[in-house]
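So the structure is just underneath, and the comments pick up after that.
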Amino acid sequence: RIVWAGPILLTPGQSTKFPFESTATVTTMAPQQQQQQEMPPQEAIRRYNEIMQESPKLVQKITELEMDRNEHKLVEETLQPLDPSRRAYRLVGEVLVERTVEEVLPSVA
2 RIVWAGPILL TPGQSTKFPF ESTATVTTMA PQQQQQQEMP PQEAIRRYNE IMQESPKLVQ
62 KITELEMDRN EHKLVEETLQ PLDPSRRAYR LVGEVLVERT VEEVLPSVA
């Protein structure tokens, strides 16, 4: 029996080997109510495999966003003590644009 609540298919402590009987029970959480429906074992396995294939992509995206956040924080910390009228260069797409620290700081914060 597999309980599915959002992107998680396994209950805590359950192994990835599925001890299926004839069907698996799937629980989806609606905002104000809980619904249960029967899912064939093949469909549960297919859905599990889809989620397992998607999870490395999500981890990669999270890592990429964290790196961007850290880079923005570093730039912000570097620009904070500088004179607001000092020249600063910002890469917009593939174009390097000349601005002042005062203009660049809000866009990286």
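Numbered by my numbering, the letters in the sequence shown go through residues 2 to 110 in order. Don't be surprised by glycine CBs; every beta carbon is placed ideally from N, CA and C.
Under the three-state reduction of DSSP output, Ala110 falls in the coil class, being neither helix nor strand. Taking one beta carbon from each stretch, the segment 75-84 and the segment 96-106 have 3 or more pairs nearer than 8 angstroms; the two touch. Between Ala89 and Arg100, the C-beta spacing is below 8 angstroms. If you check the CB distance, Arg87 and Val98 do not come in under 8 angstroms. For Gln38, the secondary structure class from DSSP, reduced to helix, strand or coil, is strand.
Residue pairing of Ala89 in beta bridges, as defined by DSSP: Arg100.
For the pair Leu66 and Ile52, the Cα-to-Cα distance works out to about 21 angstroms.
Between Pro42 and Tyr49, the alpha-carbon positions lie close to 10 angstroms from each other. Going by C-alpha positions, Gly94 is about 48 angstroms away from Gln38.
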